[in-house]
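*Asks:* Sharing a structure here in structure tokens format.
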Amino acid sequence: MTLWQTIILAIVEGLTEFLPISSTGHMIIVSSLMGISQFEFTGTFITSIQFGAILSVVFLYWRRFLQSFDFYLKLFVGFLPFGIAGFLLKDIVEELLKSVTVVAVMLILGGIVLLFIDKFFNDKPESDSTPTFKQAFLIGMFQCFALLPGISRSAATMVGALTQGFNRKSAAEFSFLLAVPTMFVITAYQMLKSYKTIRSEDIDMLLIGNAVAFVVAIAAIKFFVGFLTKYGFRVFGIYRIIVGVIILALMAMGFEINLV
């Protein structure tokens, strides 16, 4: 990977990680279009720069992390279903991650859901983004859908929060907060699996990637909250469908698309 490939992938990660459009689908397209070799460090890099995205949430919502011990318990309860399902189904999930077709189809199906979700849940003017323990658990159950590559963790948790009476802004904010333990565990697990393969010359790319992802994710989160509150999910549904169709079309034309 070159410096510019590092920066571009980090920008894509920062832009897409917290939007309901699937960062996986975008990484597939961008890395393939740039011709990035699918060697082991590529996957390690893409996983590790999620840490920069995690820090952007802590930076923007640091006051929420100083609220009370109950806040951390609710995040844990929200993470628990995903953690258990991910552990039990990890072999199946790893196989699904090898299928570009699955990613494309899930992008399209998730996009169809987002096209109509605003009609089912009218936005409320005020809503607390701090859930009860029951709400946190149920939102965590929705997060399990994100084990299917292409669904988008953000999309799944936001839809889950809407079913629990949250308005769009509060659903997005709790999705960001729940991402911290979820993505931290995923990143830590992947790094433990692959840290022995990281060379000293790779460290600079990891640092640059995390820094860029951190800055871009801050801007993306601020934009998304305002946009979602005003316009809803429909635009993101249309966008997901377009991306999914592009992936399928490229595959049909014989373009080699690889999962990193």
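In case it helps, this note's numbering puts the sequence shown at residues 44 to 303.
For every residue, glycine included, the Cβ atom is placed at its ideal position computed from N, Cα and C.
None of these values were measured; they are calculated from a predicted model.
Specify the secondary structure class of glycine 126 as computed by DSSP and reduced to three states.
*Replies:* Helix.
*Asks:* Exposed or buried, alanine 231, counting other C-beta atoms within 10 Å across all chains shown (16 or more means buried)?
*Replies:* Exposed, because fewer than 16 other Cβ atoms sit within 10 Å of the Cβ of alanine 231.
*Asks:* Can you have a look at alanine 295 and say buried or exposed, based on whether 16 or more other CB atoms are within 10 angstroms of its CB?
*Replies:* Alanine 295 should be labelled exposed.
*Asks:* Spatial neighbours of isoleucine 50 within its chain, please: CB distance less than 6 Å, with the 5 preceding and 5 following residues excluded, ordered by chain position.
*Replies:* Within the same chain, isoleucine 50 has close Cβ partners Val255.
*Asks:* Roughly how many angstroms lie between the CA atoms of proline 174 and phenylalanine 102, to the nearest whole one?
*Replies:* Near 21 Å, if we compare the C-alpha coordinates of phenylalanine 102 and proline 174.
*Asks:* Could you say which of Val288, Leu271, Glu299 lies nearest to asparagine 165 if we only look at CA atoms?
*Replies:* Measuring from the Cα of asparagine 165, the nearest candidate turns out to be Leu271.
*Asks:* Could you have a look at lysine 133 and say whether DSSP puts it in helix, strand or coil?
*Replies:* In this structure, lysine 133 counts as helix in the three-state DSSP scheme.
*Asks:* Does chain D have any CB closer than 7 Å to the CB of valine 288?
*Replies:* Protein chains in the displayed structure number just one, and chain D is not present.
*Asks:* Distance, Cα to Cα, alanine 222 vs leucine 76?
*Replies:* Going by the C-alpha atoms only, they are around 28 Å apart.
*Asks:* Among residues of its own chain, excluding the 5 on either side of lysine 167, which ones have a beta-carbon nearer than 7 Å to its beta-carbon?
*Replies:* Result list for lysine 167: Asn210, in chain order.
*Asks:* Pull up the distance between the alpha-carbon of serine 392 and that of arginine 283, whole angstroms please.
*Replies:* Any property of residue 392 remains undetermined from this structure, which presents the chain solely from 44 to 303.
*Asks:* For isoleucine 65, which three-state DSSP category applies?
*Replies:* Correcting the residue type first, residue 65 is serine in the shown sequence and not isoleucine. Coil, per DSSP.
*Asks:* Who are the Cβ neighbours of leucine 191 in its own chain at under 6 Å, not counting the five residues just before and after it?
*Replies:* Counting only Cβ-Cβ distances below 6 Å, and skipping sequence neighbours, we find Met149.
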